[in-house]
Amino acid sequence: MTNVIMPNAKRKIIHIDMDAFYVSVEIRDNPELQGKPVAVGGPGNTRGVLSTCNYIARKYGVRSAMANSVALRKCPELLIVPGRMSVYKETSSRLHEIFQRYTSKIEPLSLDEAYLDVTDCPLFSGSATLIAQDIRKVIFDELQLTASAGIAPLKFLAKIASDQHKPNGQCVIAPDSVMAFIESMPLNKIPGVGKVTFNKLQQHGLHTGADVRQSSQTVLMKTFGKLGASLWQKCHGIDNRAVEVTRVRKSVGVEHTFSKDKNELDELTDYMLQSLIPELLTRSKSYTVERGISKLGVKVKFNDFHQTTKEIQHQDIDSASFILLLKEALSRGEGKPVRLLGVHIGLKDIEPKVNQQYQFELALPTN
Ligand code: TTP
Ligand code: MG
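So the sequence shown is numbered by the numbering used here: it starts at 448 and just counts up by one.
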């Protein structure tokens, strides 16, 4: 095994992921479902695919995103219940409140998943293992739901670890066992390595972390581009990403509620051009320079509180496009007076950084 001085070895990151989240909420709220194979149908059941299913159903081969018809063929007694997004959102904010008791360094990844950096948490004499155990216990006591946890000094390892002992389990990868874990880790465990990629890697003789560690960085990058670079880094224990407390901003907007409702198009257009757009330009400048604009949007709330938003794909803040959007949004109100008017832009996604400079010592293999 190559001797590596691992950066960030002292960081303690916990990745929490709820077990069979949506469906566990449904079973909790309807005890008749307990002990049976249950799935939650897709949004409004329109697409006819499952959002998720419980572990009993998984034994039959039922999975998330599977067509209802296929799932029922695999498990004819499967109960498919409709989803209740508002309850999942509410449960998710209660989860977040629980996390806050341990650290403020929380990065939510989805409704049921988050990274917590507990490096500075004084509870349980700083034992991340005990902190994770306590978080899971509190979640169960307060929400009657089970969670799994992964504990590691690196984000990607914490995420992999939380899946190791699912459901209702946890897995610790201590700093001194990181390299052994990586060496024996099948590459499809790494987030972002799907079936197709894994097949391609295997065709080149790359099955585990050890295989990547024995390959040269140059050859990996030549063969697999960015993915090769990222795999090489991860398999050498390099994942310098911090737990990002603030979420990446997706849009910038400005809106105004009128003291007196307006219903003249000219009045509304003037207000938008003279007040809202200039304010939007000022507020969004720092973001648009760095990220670029992906879309423009106009929001209108009518005096009966009915609200509508109209958006188009567009790369710059352009008055003519906003005027068009305003007209279209207003036409949906069929002449109702307007209570609130807003304009916003969507920001382009942040590009992953390449050639990032890492500021730590690393004893690299010499092949
Ligand atoms: P996951 O955490 O991926 O899955 P899960 O919580 O149901 O099961 P587990 O973590 O124990 O493997 O996703 C969280 C929720 O997101 C899931 O309960 C439902 C929703 N979801 C979908 O709506 N569609 C999907 O394809 C997936 C994967 C998840
Ligand atoms: Mg989950």
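Beta carbons are placed, not taken as given, at the ideal position from N, Cα and C, and that holds for glycine.
Computed from a prediction, not measured in an experiment: that's the story for all the values here.
(Q) Check for me: the alpha helix (DSSP H) holding I545 runs from which residue to which? (A) M532 to Q547
Q) The beta strand (DSSP E) with K757 in it runs from where to where? A) Q754 to Q760
Q. Going by C-alpha distance, which of Q721, T704 and L771 is nearest N750?
A. T704
Q.
If you reduce the DSSP assignment to three classes, tell me which class T576 lands in.
A. helix
Q.
What does the alpha-carbon distance come out to for the pair D567 and R458?
A. 9 Å
Q | Residue ranges of each alpha helix (DSSP H) within the stretch 596 to 650, 4 or longer | A | 602 to 611, 625 to 631 and 642 to 650
Q.
Using a Cβ-based criterion (distance less than 7 Å to any ligand heavy atom), does E560 qualify as near the ligand TTP?
A. yes
Q: Identify whether C682 lies in helix, strand or coil by the three-state DSSP scheme.
A: helix
**Q.** Spatial distance of S741 from V640 (CA atoms)
**A.** 27 Å
Q: Give a single yes or no on whether M532 has its beta carbon closer than 7 Å to a heavy atom of the ligand MG.
A: no
Q) Is it right to say L604 is buried, meaning 16 or more other beta carbons lie within 10 angstroms of its own, or is it exposed? A) buried
Q.
Mapping the DSSP letters down to three states, classify L777 as helix, strand or coil.
A. helix
Q. Less than 7 Å between the CB of I468 and some heavy atom of the ligand MG, yes or no?
A. Looking at the sequence shown, residue 468 is not Ile but Phe. F468 Cβ: within cutoff of the ligand MG.
Q: Report, in whole angstroms, the separation of the C-beta atoms of Y549 and I586, which I expect to be a contact under 8 Å.
A: That belief does not hold up - the Cβ atoms of Y549 and I586 are roughly 12 Å apart, past 8 Å.
Q) How would you label F546, buried or exposed, when you count the other beta carbons within 10 angstroms and need 16 or more for buried? A) buried
Q. Is DSSP giving T499 helix, strand or coil here?
A. strand
Q) So, L828 versus K536, is the Cβ gap smaller than 8 Å? A) The question about residue 828 has no answer here: the residues shown for the chain are numbered 448 through 814.
Q. Nearest to S539 by alpha carbon, out of D796, K709 and F468?
A. F468
Q | C-alpha gap between S766 and L727, whole angstroms | A | 12 Å
Q | Neighbour-count burial assignment, M513, 16 or more Cβ in a 10 Å radius | A | buried
Q. Per DSSP, what kind of secondary structure is G491 in: helix, strand or coil?
A. Residue confidence for G491 is low, a pLDDT of 48 falling below 50, so the modelled location carries little weight; the figure read from the coordinates is stated next. G491: helix per DSSP, three-state reduction.
Q: Within the same chain, show all residues whose beta-carbon is closer than 6 Å to that of L480, passing over the 5 residues directly before and after it, in chain order.
A: I474
Q. Hey, would you say L556 sits closer than 8 Å to D686, going by beta carbons?
A. no
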